[in-house]
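A.B. asks: To start, I am sharing the structure in question, which I have written as structure tokens.
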Amino acid sequence: MSEWILLPIRTVWFAPFLQFIGGGEKTASAIFYAIISDVTTQDQRANAFLFAACASLSAELIAPTVAAAIMVHSPWISICCGVSVLTFGLLCLIAFVPETLHLHASQTETSTLVPDSSSPEYLSDSSSDFNETLKPKQRPTITRRLSDFYTTSRPLLTLPVLLLLLPSITRVIGQQSIDLCIRYISTRFSIPLSHASLILSLRALINIILLLLFIPFLSSLLITKFHFSSTHKDLLLARISSIFLILGALTVAVSPSLHLTIIGLIIYTLGTGFVSLVRSLITGLVDQQHVARIFAMIAVVETSSALLAGPAVAGLYELGLVWRGEWTGWLGLPFVGLAVVCGVGSVGVWGVKGLGKMSLEKKMMVEGEGVGSESETV
């Protein structure tokens with residue numbers, strides 16, 4: 012390789028600064044889930060979120076294997092392929108994904124909603140609009156902007172919404188701990204890293220089956236057989252998932268054998284749908300116009316927790332390495348921390364009350380607005 016294209020290794024530290032333009036992965040995730048919320052009903056939303064998580068896991072299962080095979084020849088081929096696939100995906104999004112904010116409203120509107128251009132009401136409205144455009148517009152001050160932001164965000168600052176933001180902290184530290192799991196298994200049970208990575212491949216496969224088949228089937232069963240509402244169904248599944256997360260993390264932390272560690276990982280995997288189910292719950296509590304903002308709040312919580320998750324997991328693992336001379340079980344400290352964080356996150360789904368009533372009131376309000384708009388058009 013020519014010397015003129017070599018850069019210092021620390022140059023890669025500046026790569027995250029490019030995420031100031033657009034916000035990076037968290038902003039893209041917020042937009043992605045907001046689009047899904049716009050085009051799905053409340054009954055379909057949880058399954059759609061689960062399928063989205065499954066797609067991400069499928070990529071995580073396939074991409075490392077393909078990248079490892081390509082990197083045998085050159086790492087630059089793998090990097091160029093990754094950038095090309097990312098660019099192609101972004102171009103497809105720009106070209107084929109339409110504006111979805113008012114998709115349902117535009118589908119239900121008819122020609123009767125368009126006023127007659129010859130009517131006096133239309134003429135008076137158009138003339139008043141024309142006069143408004145001639146008036147000089149005052150530039151809003153910072154105080155006015157902050158006041159408007161607080162006014163529009165007030166519907167989101169309710170206790171149920173704030174409680175359901177707590178589970179968002181579990182996703183990042185959970186990912187950090189699972190990424191550490193390969194080194195943990197290899198160090199504690201003295202097995203090669205290549206064998207330890209196969210365990211995570213098994214976990215990814217179970218994840219896909221769980222998100223793609225088992226949870227959607229259980230959701231359908233709860234609605235059709237036991238007559239659960241969508242909100243109660245999501246809340247019940249989220250609570251069960253939180254229990255699996257805590258039990259699985261504790262089992263991995265204290266397991267004295269490899270077999271019990273694998274069982275603990277499987278138990279933890281059964282709670283994978285926790286975050287997606289909570290996303291569906293919290294989306295059902297806000298108006299359609301606030302969906303994008305609520306996902307932005309989730310992204311802020313996840314980003315804030317990421318600032319603490321990395322150093323916390325690394326610090327607990329380093330502390331376990333120092334103390335493992337007394338007992339090798341100290342190596343499982345990161346998973347004890349994971350269990351504690353999952354317990355804090357589960358407070359949100361176990362502490363929230365009255366979701367069914369709030370969803371019913373919201374549904375009645377939306378139906379009332381629809382009836383009112385129809386009566387006005389008549």
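Residue numbers (the working numbering): 12 to 389.
Note that CB positions come from ideal geometry on N, CA and C, so glycine has one too.
Treat the numbers as computed from the prediction; the structure is a model and nothing was measured.
(1) Please report how far the alpha carbon of P203 lies from the alpha carbon of P267, in whole angstroms.
(2) Quick check: the segment 265 to 280 against the segment 296 to 311, are at least 3 beta-carbon pairs closer than 8 angstroms?
(3) Compute the distance between the beta-carbons of R290 and S357, then report whether it is under 9 angstroms.
(4) Mind checking P322: buried by the 16 CB within 10 Å criterion, or exposed?
(5) Thinking L68 and P227 are a contact (beta carbons under 8 angstroms), I'd like their distance in whole angstroms, please.
(6) Alpha carbon to alpha carbon, how far is A350 from G343?
(7) Classify P345 as buried or exposed, calling it buried when 16 or more other Cβ atoms lie within 10 Å of its own Cβ.
(8) Going by DSSP in three states, D49 sits in which element: helix, strand or coil?
(9) When the Cβ atoms of the segment 254 to 262 are set against those of the segment 87 to 103, are three or more pairs found closer than 8 angstroms?
(10) Give me, in chain order, the residues of the same chain whose beta-carbon lies closer than 6 angstroms to that of L248; leave out the 5 immediate sequence neighbours on both sides.
(11) Using beta-carbon positions only, say whether L292 and L222 come within less than 9 angstroms of one another.
(12) Roughly how many angstroms lie between the CA atoms of I210 and R156, to the nearest whole one?
(13) Check Q30 in the structure and name its three-state DSSP category.
(14) What is the rounded straight-line gap between the Cα of R304 and the Cα of S48?
(15) Apart from the five residues just before and just after D136, which ones in its own chain have a Cβ nearer than 7 angstroms to its Cβ?
(16) Alpha carbon to alpha carbon, what distance is there between G362 and T169?
(17) Run through DSSP, which three-state label would L173 get?
(18) What number of angstroms, rounded off, separates the C-alpha of I105 from the C-alpha of L173?
(19) What's the C-alpha gap between R21 and I90?
(20) Within the same chain, show all residues whose beta-carbon is closer than 8 angstroms to that of D54, passing over the 5 residues directly before and after it, in chain order.
(21) Alpha carbons only, please: which of G331, H301, V312, W334 is nearest the one belonging to R165?
(22) Enumerated in chain order, which unbroken segments of the alpha helix (DSSP H) with a length of 4 residues or greater are wholly contained in the segment 48 to 103?
(23) Which residues in the same chain as S179 place their Cβ atom closer than 8 angstroms to its Cβ, once the five residues preceding and following it in sequence are excluded?
(24) Which residue wins for smallest C-alpha separation from A74, given the options I220, V94, I42?
(25) Excluding five sequence neighbours on each side, which residues of the same chain lie with their C-beta closer than 6 angstroms to the C-beta of A320?
(26) Rounded to the nearest angstrom, what separates L224 and T154 at their Cα positions?
(27) Mark G383 as exposed unless 16 or more other C-beta atoms lie within 10 angstroms of its C-beta, in which case mark it buried.
(28) V280 and I193 look like a contact to me (Cβ under 8 angstroms); what is the Cβ gap, rounded to whole Å?
(29) What residue range is occupied by the uninterrupted alpha helix (DSSP H) comprising G212?
(30) Helix or strand or just coil, what does DSSP make of F237?
(31) Determine, using beta carbons only, whether V265 and G340 come nearer to each other than 9 angstroms.
(32) Any idea if T181 is buried or exposed, counting beta-carbon neighbours within 10 angstroms, 16 or more meaning buried?
(33) Closer than 7 angstroms by C-beta to F306: which residues in its own chain qualify, once you throw out the five before and the five after it? Chain order, please.
(34) Buried or exposed: V414, going by 16 or more other Cβ atoms within 10 Å of its Cβ?
C.D. replies: Based on what the coordinates show:
(1) Rounded to whole angstroms, P203 to P267 spans 18 angstroms at the Cα level.
(2) no
(3) no
(4) exposed
(5) In this structure, L68 and P227 do not form a Cβ contact; the two beta carbons are roughly 15 angstroms apart against a cut-off of 8 angstroms.
(6) 11 angstroms
(7) buried
(8) helix
(9) Because the criterion of three Cβ pairs below 8 angstroms is not met, the segment 254 to 262 and the segment 87 to 103 do not touch.
(10) L288
(11) For L292 and L222, no; Cβs fall outside 9 angstroms.
(12) 51 angstroms
(13) helix
(14) 12 angstroms
(15) Residue placement at D136 cannot be trusted, given a pLDDT of 47 that sits under 50; what the coordinates show is reported in the next sentence. The answer is none, since no qualifying residue turns up.
(16) 13 angstroms
(17) Correct three-state label for L173: helix.
(18) The alpha-carbon atoms of I105 and L173 are separated by roughly 33 angstroms.
(19) R21 and I90 have their C-alpha atoms spaced approximately 18 angstroms apart.
(20) I234, S241
(21) Closest option to R165, Cα to Cα, is H301.
(22) 53 to 82
(23) V286, V289, I309, V312, E313, S316, G356
(24) V94
(25) V183, I184, Q187
(26) 50 angstroms
(27) Per-residue confidence for G383 stands at a pLDDT of 48, beneath the threshold of 50, marking its modelled position as unreliable; the derived number appears in the next sentence. Exposed: under 16 other Cβ atoms inside 10 Å.
(28) Note on identity: in this sequence residue 280 is Thr, with Val being the wrong assignment. That pair is no contact at about 15 angstroms.
(29) It should be pointed out that residue 212 corresponds to Ser in this sequence rather than to Gly. Looking at the DSSP string, the run of the alpha helix (DSSP H) that includes S212 is 204 to 220.
(30) Note: F237 maps to coil in three-state DSSP.
(31) Contact flag set, yes.
(32) buried
(33) A41, Y44, A45
(34) Past the boundaries of the shown model lies residue 414; the chain is included only from 12 to 389, so the question cannot be answered.
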